[in-house]
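Residue numbers (UniProt numbering), protein chains in the order written: chain D, 1 to 154; chain F, 1 to 154. Below is one structure, written out as structure tokens; the observations come after it.
There are 2 protein chains.
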Amino acid sequence: MKDNNDMPGHLARRFQQIAVAVFLAEVEDAGFDLTPVQYAALATIKANPGLDQVTLAGLIAYDRTTITGVIDRLVQKGLAERRASSRDRRARELEVTDEGRRTLRKITPAVESAQRIMLRGLSAKEGEELMRLLRKAIAAGNDLSRAPLRDAPV
Amino acid sequence: MKDNNDMPGHLARRFQQIAVAVFLAEVEDAGFDLTPVQYAALATIKANPGLDQVTLAGLIAYDRTTITGVIDRLVQKGLAERRASSRDRRARELEVTDEGRRTLRKITPAVESAQRIMLRGLSAKEGEELMRLLRKAIAAGNDLSRAPLRDAPV
DNA sequence: TACTGATAGTCAGCATACTGATCAATATCC
DNA sequence: GGATATTGATCAGTATGCTGACTATCAGTA
Numbered sequence: 001m002k003d004n005n006d007m008p009g010h011l012a013r014r015f016q017q018i019a020v021a022v023f024l025a026e027v028e029d030a031g032f033d034l035t036p037v038q039y040a041a042l043a044t045i046k047a048n049p050g051l052d053q054v055t056l057a058g059l060i061a062y063d064r065t066t067i068t069g070v071i072d073r074l075v076q077k078g079l080a081e082r083r084a085s086s087r088d089r090r091a092r093e094l095e096v097t098d099e100g101r102r103t104l105r106k107i108t109p110a111v112e113s114a115q116r117i118m119l120r121g122l123s124a125k126e127g128e129e130l131m132r133l134l135r136k137a138i139a140a141g142n143d144l145s146r147a148p149l150r151d152a153p154v
Numbered sequence: 001m002k003d004n005n006d007m008p009g010h011l012a013r014r015f016q017q018i019a020v021a022v023f024l025a026e027v028e029d030a031g032f033d034l035t036p037v038q039y040a041a042l043a044t045i046k047a048n049p050g051l052d053q054v055t056l057a058g059l060i061a062y063d064r065t066t067i068t069g070v071i072d073r074l075v076q077k078g079l080a081e082r083r084a085s086s087r088d089r090r091a092r093e094l095e096v097t098d099e100g101r102r103t104l105r106k107i108t109p110a111v112e113s114a115q116r117i118m119l120r121g122l123s124a125k126e127g128e129e130l131m132r133l134l135r136k137a138i139a140a141g142n143d144l145s146r147a148p149l150r151d152a153p154v
């Protein structure tokens, strides 16, 4: 029988497990307390000021129920703000605070370092190839999870 | 600035997210209720009858605190048994029940189908290459997470 | 305008995963 | 042999992620 440890699903979990551990270690070494999800959300809010939570979720492929808690914690840390939208009273408009902007700026080297470390076993060429194959596999499976990547609405 | 969605860490999370969704869907279609973690644990117990929880955790690279809960649920579903060890009274010896054995046998096609689906965007050759690169990256990063893969003790 | 359906956000509940602590039992070392 | 260190398992606490349900609101239409 095929070794369980050699299945694609298992390898996916292991790589993700290492990626998260490396991210948290690098960020903590740099003196910050931010998870991968929180970083992705914060960076995406900064790039799209005033966007609502559902759009944010789509842009980074998270479930909207997860985003609620992530934003809670970003707000609680003083890095983001959640305001009622004037156009649609159901929606919340998200903004990065000055403190959030400062954090994003200072944390970038740690984030980039983490990306290098998680690929440290591969040559530059192999790293590129791994990313290409992951992108291709993900594109084909995008609609298979509850939280597919979506473009921002017009 | 580099697009956040194009970082290795993000791709890792997305691929893992899709892999889990596909696994759960295929297994549910086959009439079973088992998570990827539960499946991996059950299959590994079957292949190593009587092993303790720490060894199990090392064999599939899970944190031992996570394993406690996973075994709780396997026991509660009647698929595994947890007995006090006679050699070491701190340890628990794990066994698969007849029901667990039956489940493993019947669930295999769904698990294999899930592995194919999560790679459906890639050619056979590309799928092999993706797995090779993941294995290589994982091997280099094995010690970077709290739950590295470990061989069984002698 | 009243009805219907869709959408934004939240919540309860469950299952990973992690950190750090604790307890009981075993190993090791002097 | 007895102090010390280590180890197996669990627990409390926190943060993803998911399903399914619910409320409030919006949009389209008869």
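For glycine and all other residues, C-beta sits at the position ideal for the given N, C-alpha and C. Being a predicted model, the structure only gives us computed values, none of them experimental.
Q: Answer with yes or no whether the minimum CB distance from L127(F) to chain D is below 9 Å.
A: Within the second sequence, residue 127(F) is the residue found at index 127, counting from 1. The amino acid at residue 127(F) is misidentified as Leu; the sequence shows Gly. Cβ-Cβ to chain D under 9 Å: yes for G127(F).
**Q.** Candidates V27(D), V37(D), A91(D): closest to T55(D) by CA position
**A.** Mapped onto the first sequence, residue 55(D) falls at position 55. Selection V27(D), V37(D), A91(D) evaluated against T55(D) yields A91(D) as nearest (Cα-Cα).
Q. Hey, how far is the Cα of Q53(F) from the Cα of E81(D)?
A. On the second sequence, residue 53(F) is found 53 positions in, with the first residue counted as 1. On the first sequence, residue 81(D) is found 81 positions in, with the first residue counted as 1. Those two C-alpha atoms are separated by around 44 Å.
Q: Compute the Euclidean distance between the alpha carbons of E99(F) and L122(D), then round it to the nearest angstrom.
A: Here the question's residue 99(F) lines up with position 99 in the second sequence. Here the question's residue 122(D) lines up with position 122 in the first sequence. Roughly 43 Å separates the two Cα atoms.
Q) Would you say the segment 3-18 of chain D touches the segment 26-44 of chain F, given that touching needs at least three Cβ pairs under 8 Å? A) The answer is yes - the segment 26-44 of chain F touches the segment 3-18 of chain D, with three or more Cβ pairs under 8 Å.
(Q) Distance cutoff 9 Å, beta carbons only. Does I60(D) sit that close to anything in chain F? (A) Within the first sequence, numbered from 1, the residue matching residue 60(D) stands at position 60. True, the Cβ-Cβ gap to chain F drops below 9 Å.
Q.
Quick check: is the beta carbon of R97(F) nearer than 9 Å to any beta carbon in chain D?
A. Within the second sequence, residue 97(F) is the residue found at index 97, counting from 1. Reading off the sequence shown, one finds Thr at residue 97(F), where the question assumed Arg. Not one chain D Cβ lies under 9 Å of T97(F).
Q) Since E26(D) and A124(D) are thought to touch, with beta carbons under 8 Å apart, how far apart are those beta carbons, to the nearest angstrom? A) Counting from 1 along the first sequence, the entry for residue 26(D) is found at position 26. Counting from 1 along the first sequence, the entry for residue 124(D) is found at position 124. Rounded, the Cβ-Cβ distance is 19 Å, inconsistent with contact.
(Q) Any beta carbon of chain F sitting closer than 9 Å to that of Q17(D)? (A) What you label residue 17(D) is simply residue 17 of the first sequence in a count that begins at 1. Interface residue, yes.
Q.
So if I threshold CB-CB distances at 9 Å, which residues from the segment 33-44 of chain D count as touching chain F?
A. Taking 9 Å as the Cβ-Cβ cut-off against chain F, the residues of the segment 33-44 of chain D that qualify are P36, V37, Y39, A40, A43, T44.
(Q) Within a Cβ cutoff of 7 Å, which residues of the same chain sit near G127(F), ignoring the five residues on either side of it in sequence? (A) Here residue 127(F) corresponds to residue number 127 of the second sequence, with the count starting at 1. Closer than 7 Å at Cβ, skipping near neighbours: L119.
Q: Return the residue from the list R146(F), R150(F), K136(F) that minimises the CA-CA distance to A12(D).
A: Locating residue 12(D) in the first sequence gives position 12, counting from the first residue. Of R146(F), R150(F), K136(F), the residue nearest in Cα terms is K136(F).
Q: Check the Cβ of R146(F) against every Cβ in chain D and list those closer than 8 Å, keeping chain order.
A: The sequence position of residue 146(F) within the second sequence is 146, counting from 1. What R146(F) touches in chain D: A21.
Q | Buried versus exposed, by CB contacts within 10 Å (16 or more), A57(F) | A | For the purposes of this step, residue 57(F) is taken as residue 57 along the second sequence, with counting starting at 1. Burial call: buried.
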